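Residue numbering for the sequence shown follows my numbering, starting at 7 and increasing by one per position. Contents: one structure, followed by commentary.
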Amino acid sequence: MLDPQPAPRRRRWLLFVPFALLVALAGIWTGLWFYAASQAEAAIAGWRDREAKSGRTYECGSQSISGFPFRIEVRCGKPMAELRGKGAQVVLNGADLVMLAQIYQPTLLIGEFTSPMTVAESGQPPAFFVNWTLGQSSLRGTPRAPQRGSLVFDNLAVQRADAKATVLNAKRFELHGRMAEGSASANPVIDVGLRATAASMPELHQMTAAPLDADVSATLRGLADFMPKPWPVRFRELQARGGKIDIVNARVQQGEVIAVSSGTLSLTESGNLDGQLQMTVVNLEHVLKQLDLEAMVSQGRVGSAIDRLDKLVPGLGRIARKNAGPGILAGLDAIGKRTTLEGKPAVTVPLRFVDGQVMLGPLNVGRTPPLF
């Protein structure tokens, strides 16, 4: 009788193969994370360098990198920003800043800001205190080729440090920008969006003291490039090249008043806005009441407007002189167009910008600051 064949010996080393592969994978992933972390740190340094060339410098009281294994997190303790403009340097001091990037998407940087923040002139005590419940930013692209950026705040509040007076309140504030055409190095066309919810600015004008919602979309055309430089310099170049600011759509609502406008603006040699928007308004009479026409008449500020009404529609000037409020409203009705907006009766009137002066029909309602 033949002896049975001996049982084959188990290859015990095969039991360690999955473990070895796991260790190797962990080592590769760790190396990849450290490489991505170095790339993210370099990208952040590149953005800071770009901002410095634009007149905005950033520093950290302390800085650390964490987030292993799936993301890169750069924490900046006690961040400080210095903004250089035509006047005094403005210094912003914050509480904490965290920049995040996923390891598989290192060109998308997400920022989270912790309030409060102080605003002061260089070497001076704080002039404003800024608070919010959520502050975030996002940057997509590289410092040499930015694609889009966003800035979002929830429950934003700006107060004067001396009197604690409120300068700005907003339930939500958003600012967005993206490269629509061209590139950062040649002939960029930039889309800009601004949204504000329940925003009020009591110190600006009585019309902005009550909360309002705003949604504005605009396009900048005529820039030579989007290389690092201060915005006043950029706007000066846009003016020299005959560039335009297209207001694609601007919608503002405050209570029962709704205003929607669109049109094209340019810049004068002095940096002021020039051009015309077509504005459709629901409850225009309420807007005119807030402009306080009776006070403007007593100060002699609507005389030229009344004269222009006579030239546009003979006889309207006489009506306006007898009763300024209804007279101006009648004039705007005459030169405007009755229509509907969002199912409500409205009037479409021209909103003109004449070297910074703002004209609602024939009425001078204010002035915009120069952009350079």
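Don't be surprised by glycine CBs; every beta carbon is placed ideally from N, CA and C. Remember, predicted model here, so these are calculated numbers, not experimental data.
Spatially closest choice to Pro-208 from Leu-174, Ala-256, Pro-236, by CA coordinates: Selected option, being the one with the closest Cα: Leu-174.
Quick one: measure Cβ to Cβ for Leu-377 and Leu-210, integer angstroms, because I've assumed they're closer than 8 Å. In fact, because the Cβ distance is near 18 Å, the residues do not count as touching under 8 Å.
Report the rounded CA-to-CA distance for Val-353 versus Gln-153, giving the unit in angstroms. In this structure, the alpha-carbon of Val-353 lies about 39 Å from that of Gln-153.
Cutting at 7 Å between CB atoms, please list the residues of its own chain near Arg-314, excluding the five before and the five after it. Model confidence at Arg-314 stands at a pLDDT of 47, short of 50, so the residue's coordinates are unreliable; what they give is reported in the following sentence. Here Arg-314 has Pro-368 as same chain residues with Cβ atoms under 7 Å from its own Cβ, once five neighbours each way along the sequence are excluded.
Rounded straight-line distance, which links the Cα of Pro-234 to that of Val-198: The alpha-carbon separation between Val-198 and Pro-234 amounts to approximately 18 Å.
Does the Cβ-Cβ distance between Asn-99 and Pro-112 come in under 9 Å? In this structure, Asn-99 keeps its C-beta atom at 9 Å or more from the C-beta atom of Pro-112.
Reduced DSSP secondary structure (H/G/I, E/B, other) of Pro-356: Pro-356 falls in the strand class under three-state DSSP.
How would you call Gly-372, buried or exposed, if buried means at least 16 neighbouring beta carbons within 10 angstroms? Counting Cβ neighbours within 10 Å, Gly-372 comes out exposed, since fewer than 16 surround it.
Look at the alpha carbon of Cys-66 and the alpha carbon of Cys-82, and state the distance between them as a whole number of angstroms. Their backbone Cα atoms lie some 5 Å apart in a straight line.
My guess is that Leu-181 and Ser-156 are in contact by the Cβ rule of under 8 Å, so how many angstroms apart are they, rounded? Contact flag correct, Cβ pair sits at about 7 Å.
With 16 as the cutoff for other CB atoms within 10 Å, does Pro-375 come out buried or exposed? The Cβ neighbour count for Pro-375, taken over all protein chains shown within 10 Å, is under 16; the residue is labelled exposed.
Less than 7 Å between C-beta atoms, sequence neighbours within five positions excluded: which residues of the same chain meet that for Gly-281? Beyond the five residues adjoining it in sequence on each side, Gly-281 comes within less than 7 Å, by CB distance, of Gly-269, Thr-270, Leu-271, Ser-272, Phe-359 in the same chain, given in chain order.
Nearest neighbour of Arg-146, chosen from Phe-135, Gln-130, Gln-108 [CA to CA]: Looking from the CA of Arg-146, the closest CA among Phe-135, Gln-130, Gln-108 belongs to Gln-108.
Using only CA atoms, which one of Ala-204, Asn-255, Arg-201 lies nearest to Thr-225? Nearest option by C-alpha distance: Asn-255.
I'd like to know whether the C-beta atoms of Ala-133 and Arg-166 end up nearer to each other than 9 Å. It is a contact, given that the beta carbons lie within the stated cut-off.
Label Pro-149 either buried or exposed according to how many other C-beta atoms from any shown protein chain fall within 10 Å of its C-beta, with 16 as the threshold for buried. Flag for Pro-149 reads buried.
Which residues in the same chain have their Cβ closer than 6 Å to the Cβ of Ala-379, if we skip the five residues on either side of it in sequence? Any property of residue 379 remains undetermined from this structure, which presents the chain solely from 7 to 378.
Considering just the uninterrupted stretch of the beta strand (DSSP E) at Leu-5, what are its terminal residues? No answer is possible for residue 5: the residues shown for the chain start at 7 and end at 378.
For Ser-143, which option in Gly-261, Glu-118, Val-222, Leu-294 has the closest C-alpha, if you only look at C-alpha atoms? Taking only the C-alpha atoms, the option nearest Ser-143 is Glu-118.
On the DSSP bridge assignment, give the partners of Gln-142 in chain order. Per DSSP, the beta bridge partners of Gln-142 are Glu-118, Val-158.
Classify Leu-5: buried if its beta carbon has 16 or more other beta carbons within 10 angstroms, exposed otherwise. Summary: the structure shown does not reach residue 5, with the chain confined to residues 7 through 378, and so no result is reported for it.
Continuous beta strand (DSSP E) stretch holding Gln-245: start and end: Under the DSSP assignment, Gln-245 falls outside any beta strand (DSSP E), being part of the alpha helix (DSSP H) whose first and last residues are 237–246.
Quick one: what does DSSP say Tyr-41 is sitting in, helix, strand or coil? Helix.
Beta-bridge pairing of Lys-343 - partner residues as DSSP gives them: Thr-354.
Whole-angstrom C-beta distance between Asn-278 and Gly-362, which should lie under 8 Å: Rounded to whole angstroms, the Cβ separation of Gly-362 and Asn-278 is 3 Å, and the two are in contact under 8 Å.
Rank Thr-286, Pro-238, Gln-296, Asn-193 by C-alpha distance to the C-alpha of Gly-342 and give the top, closest one. The alpha carbon of Gly-342 has as its nearest neighbour, out of Thr-286, Pro-238, Gln-296, Asn-193, the alpha carbon of Thr-286.
Leaving out five residues on either side along the sequence, give the residues of the same chain with a beta carbon under 6 Å from the beta carbon of Lys-177. Excluding residues within five positions, the ones whose Cβ falls inside 6 Å are Thr-203, Ala-204.
Verify whether the separation of the beta carbon atoms of Asp-120 and Phe-135 is less than 9 Å. Reading off the sequence shown, one finds Thr at residue 120, where the question assumed Asp. Their beta carbons are not under 9 Å apart, which means Thr-120 does not touch Phe-135 by this criterion.
Report the residue from Leu-31, Leu-89, Leu-229, Met-105 whose alpha carbon sits nearest the alpha carbon of Ala-51. The option with the nearest alpha carbon to Ala-51 is Met-105.
Is it buried or exposed, Val-80, if we count other Cβ atoms within 10 angstroms and call 16 or more buried? By the neighbour-count definition (other C-beta atoms within 10 Å, threshold 16), Val-80 is a buried residue.
Taking C-beta to C-beta, are Leu-347 and Ile-264 nearer than 9 Å? Yes, the Cβ-Cβ distance between Leu-347 and Ile-264 is below 9 Å.
In or out: Arg-227 buried (at least 16 other Cβ within 10 Å) or exposed? Around the Cβ of Arg-227, a 10 Å sphere holds 16 or more other Cβ atoms; the residue is buried.
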